[in-house]
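Input: a single structure, listed below in structure tokens.
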Amino acid sequence: MDKNKIVTYIQQLFQYYYTKEGPPTMVDTIVMFIESNQLNVDTLPLYIESLSNTLPIEYKLINKTPDHIKNKVQQQQQQQPIYSISESTNLNNTSNINKGGTIYKYYNKDTNTFNKELVKQNLNINTIKEYVDELYICYTGKLGDPASSQYLIKSLLDNSFTVHQAELHVKFSKEAKVYLGQVQIKENKRKKAEEYIYELYKVYFGKEYLCPLDDLHYYTNLIIESTSPNYQAIEDEIKEKAILNVVIPTKKPFK
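Position 192, counted from 1, in the sequence shown is what UniProt numbering calls 192; the numbers after and before it change by one each time, with no gaps.
Put into structure tokens, the structure is as follows:
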């Protein structure tokens, strides 16, 4: 799962439980727990609620975990315990894997930086080509055209460009500026779409109901991937889910 989505969901949970954003260091730790499969998105709400005794004094537990979430994770908790921040962990490093699962050799997507020292350690035609390809993919969203890529490779080989200068050449290119603008527009659209879906769930399920992360991603993508989203269909589907979620008492009073 994309780290930005995980962080957003974590902060939304902190807002729900404590009406405050989570401490950055603690949020980072929780993200690592999820990336290393020590926590999952289903057990995450209960885990964040359980932090009430370890958070700074200004964090007061305002809301409790809704019953439908407790019931959903009850079996999972027996198989996979909820971890404490204080426990030592051996976390896998997944920071160089992008959304589509592509493994970068030099780029770290979490810090948005390139390991230029690693490039310099083995500066040959293959290393330089890999580095140039990653520069274009990260800054423009696609491989560079043959002429541009070849120009950078040649400039690095004959020392016309340093490794850092090559990055700046791509980073501040016209293509990179266009791509960055497109990414920013899409992220802003995603944020507004997520807020809309959360509001729908509050209306139809109640304020205490936490929208499942899978549903949030599904409906958000329906909105941002379409040029003309069918908002009515999305609302009707969520409304139907809410109706099906209603539990009618089987035992009648005074009988």
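We treat Cβ as the ideally placed atom computed from N, Cα and C, and that holds for glycine. Predicted model, so just to flag it, every value in this text is computed and none were measured.
The beta carbon of I34 sits closer than 6 Å to those of I6, all from its chain and outside the five residues before and after it, given in chain order.
Residue state for N53 is assigned as helix, using DSSP reduced to three classes.
The alpha carbon of Q182 has as its nearest neighbour, out of I224, E21, E199 and I153, the alpha carbon of I224.
Beta-carbon to beta-carbon, I62 and T19 are separated by about 5 Å, close enough to satisfy the 8 Å threshold. Judged by their CB atoms, Y106 and N115 are nearer to each other than the 7 Å cut-off.
By the criterion of a C-beta distance shorter than 8 Å, Q11 is surrounded in its chain by E21, G22 and V27, once the five residues flanking it on both sides are discounted. With a threshold of 16 other beta carbon atoms within 10 Å, T43 meets it and is buried.
Q165 is classed as exposed because its beta carbon has fewer than 16 other beta carbons within 10 Å across all chains shown.
Within the stretch 168-224, complete alpha helix (DSSP H) segments of at least 4 residues are found at 174-205 and 213-224, given in chain order.
Within the same chain, Cβ atoms closer than 8 Å to the Cβ of K202 are found at Y209, the five residues on either side in sequence being excluded. The criterion of a C-beta distance shorter than 7 Å is satisfied by A193 and T220.
Each of Y131, Y231, I125 and Q184 was checked against the Cα of E117, and the nearest Cα belongs to Y131. A direct Cα-Cα distance of roughly 17 Å separates V119 from T111. Apart from sequence neighbours up to five positions away, the residues of its chain that approach L143 with a beta-carbon distance below 8 Å are D133, Y136, I137 and S149, ordered along the chain. Within the model, the alpha-carbon separation for P229 versus Y198 is close to 17 Å.
Burial check for Q38: the Cβ neighbour count within 10 Å reaches 16 or more, so the residue is buried. DSSP places Y18 in the uninterrupted alpha helix (DSSP H) bounded by K3 to Y18. Listed in chain order, the non-local C-beta contacts of Y9 below 6 Å within the same chain comprise L213, local neighbours out to five positions each way being set aside.
Residue I128 holds the alpha-carbon nearest to the alpha-carbon of K154 among D236, I128, Y196 and D145. Between K207 and I185, the alpha-carbon positions lie close to 29 Å from each other. About 7 Å separates the CB atoms of K70 and L46; that is less than 8 Å, so the two are in contact.
Taking a C-beta distance under 7 Å as the contact criterion, Y179 and T227 do not qualify as a contact pair.
At least 7 Å separates the beta-carbon of Y196 from that of K239. According to the DSSP assignment, Y136 belongs to the alpha helix (DSSP H) that extends over I125 to T140.
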